[in-house]
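Structure record follows, encoded as structure tokens.
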Amino acid sequence: MRETGLRAVRLCAISPSASLQVCAGIGIRVPVMGKEPREINAKSLKLQAASRDDDGFFSTFILRKISIRFTSVLVERNVSPNTVTLLSLLVGFIAAYVAAQGSYLAGGSLLLLSLILDCVDGEIARYKSAFSALGAWLDALSDRVKEFVYIFALIYSIDQESAWWSGVVIIALQTTRHLSDYNFARLQKSYEESSTSIRQKNIFYWVKKIIHLPIGERWLLLAVLPIFLSIEQTLRSIIYLGAFSFLYVLITRIRRMRRWKNPVASTDFLDRQRDSLLPLKISGSKASWIFPSLLRALEFFALLMITNDASAFIRFILLFAISIWHYTNLYDALHGRASYMGAGGLRVAGRISLCFIAQLFGLEAEVSLFLSLYLLALILLRGGHNVSGGKK
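Reading the sequence shown from the start, the letters are residues 10 to 401 in this note's numbering.
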């Protein structure tokens, strides 16, 4: 009943002027205290509607409870969602700097504040219907950048080779997993009709949410574990939990896709992610959602083997840049955009070949660092192109 009421409130908030009458018509009491303006009640409904209803456990019961208070104040002021996103990015970088100095409690607190601001920017955008190309691009990449930069900072604070290797594994695992998440969710829409029923959010629902290890839970681990454990133990814990979560998700998705029948929509977005000159067609199969992740995993493995004489620090930087490159390809594909300057990224074969030639001349570190900076510069150019509404 509680979920039914909440869903009704969200629907009512679409039209604030009629929200009170509609809610009353379906049996939901919306009291007006004394001479309190009716606009305050409409604002409350809009704020509830602006908050996502599919977040993880930590985000739903902790972060959103805090963020909605910020949002309630900021929507009354001339503050744009993009301003909050940039502030969140700045706070995330400050958190990384503080953590790099060994102040894990302060760094972790700032990291969680950055995540709260991430909630705020989306809530403001939905409340005001203030969506933009810049906001979409910033929102798509800023979380990944902040997460990996904070991991970099934790490792930098102890600067041990084994810790850099743990960071490399986390980036490879997280990127492979995250691409599969987005692609499965999109492909699922092609095979399954959208359900209008309200899902029961009982204890089993929330346990599954936690096992999925969404961003709130991951960042909570990054913020809290270094306070009580060593950085090495923290990173290994994140790897083990991430691997377990990925395995659980794969098993449940394989079981689910066995019930799928014929797709009802195009899946060309998967082909746009191949990042290869070869005419590979990876869509058209129930299991095609995992193919981009497999290609990324193979590329990561090949690059790590080829650059075996470079330090783990250099490999971390290389995988960071390549992972953000693939995230950019993913978001472009999901939005139906052609991969602007995609060939400029040298494709998978070009990057592997370049690193192989560098190894022959003993220049793995120099070339890996150059390739990383080059890809990051291209990502900024692609972002500028998409934001300006350039032609596909």
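Heads up, the beta-carbon is just placed ideally off N, CA and C, and yes, glycines get one too.
Counting other Cβ atoms within 10 Å of its Cβ, S362 stays below 16 and is therefore classed as exposed.
In chain order, K295 place their CB closer than 6 Å to the CB of M266, counting only its own chain and leaving out the 5 sequence neighbours on each side. When DSSP states are grouped into helix, strand and coil, I291 belongs to the coil group. DSSP places K55 in the helix class (H, G or I) of the three-state scheme. Rounded to the nearest angstrom, the gap between the Cα atoms of L120 and P288 is 42 Å. Between L327 and T316 a beta carbon distance of about 7 Å is seen, short of the 8 Å cut, so the two are scored as contacting. Listed in chain order, the beta strand (DSSP E) elements of length 3 or more contained wholly in the stretch 143-216 amount to none.
Taking a contact to require three or more Cβ pairs closer than 8 Å, the stretch 274-288 and the stretch 301-309 qualify as touching. Residues G116, L119, L120, S123 and Y159 of the same chain have their beta carbon placed closer than 7 Å to that of A104, with the five preceding and five following residues left out of the count.
With contacts defined as CB atoms closer than 8 Å, V357 and L304 qualify as a contacting pair. By the Cβ-count criterion, Y340 is buried, with 16 or more other Cβ atoms from all chains shown falling within 10 Å of its own Cβ.
A Cβ-Cβ separation of about 4 Å places P235 in contact with Y113 under the 8 Å criterion.
Note on geometry: alpha-carbon atoms of I260 and D190 lie some 13 Å from one another. Its chain contains K55, A59 and V84 as the residues whose beta carbon lies nearer than 6 Å to that of Y136, once the 5 sequence neighbours on both sides are disregarded; these appear in chain order. In this structure, DSSP gives V93 a helical state, which the three-state scheme calls helix. A Cβ-Cβ contact shorter than 8 Å links F255 with R186.
For the stretch 318-391, the continuous alpha helix (DSSP H) assignments of 4+ residues that do not extend past its boundaries occur at 321-343 and 356-369, in sequence order. A direct Cα-Cα distance of roughly 17 Å separates W228 from A149. Going by DSSP, F79 is part of the alpha helix (DSSP H) stretching over R73 to L83. If you look at A232, you'll find it in the alpha helix (DSSP H) that goes I224 to F237.
By the beta-carbon neighbour count (other beta carbons within 10 angstroms, threshold 16), R73 is buried. R61 sits in coil when the DSSP states are folded into three classes, being neither helix nor strand.
With contacts defined by Cβ atoms closer than 8 Å, F365 and K218 do not form a contacting pair. I133 sits close to A139, with the two beta carbons spaced by under 8 Å. Counting only the Cα atoms, Q110 lies some 15 Å from L231. Within 10 angstroms of the beta-carbon of R264 lie fewer than 16 other beta-carbons, which makes it exposed. Secondary structure at Q242: helix, using DSSP grouped into helix, strand and coil. Counting C-beta pairs closer than 8 Å gives three or more between the stretch 238-250 and the stretch 163-181, which meets the contact rule. G111 sits in coil when the DSSP states are folded into three classes, being neither helix nor strand. The beta-carbon distance between M350 and L312, rounded to whole angstroms, is 21 Å. This is too long to meet the 8 Å contact definition. Counting along the chain, the unbroken alpha helix (DSSP H) around S302 starts and ends at F300 to I315. Around I248, the same chain offers S175, V178, I179 and L182 as residues with beta carbons nearer than 8 Å, after the five sequence neighbours per side are excluded. DSSP, read as helix, strand or coil, puts N50 in helix.
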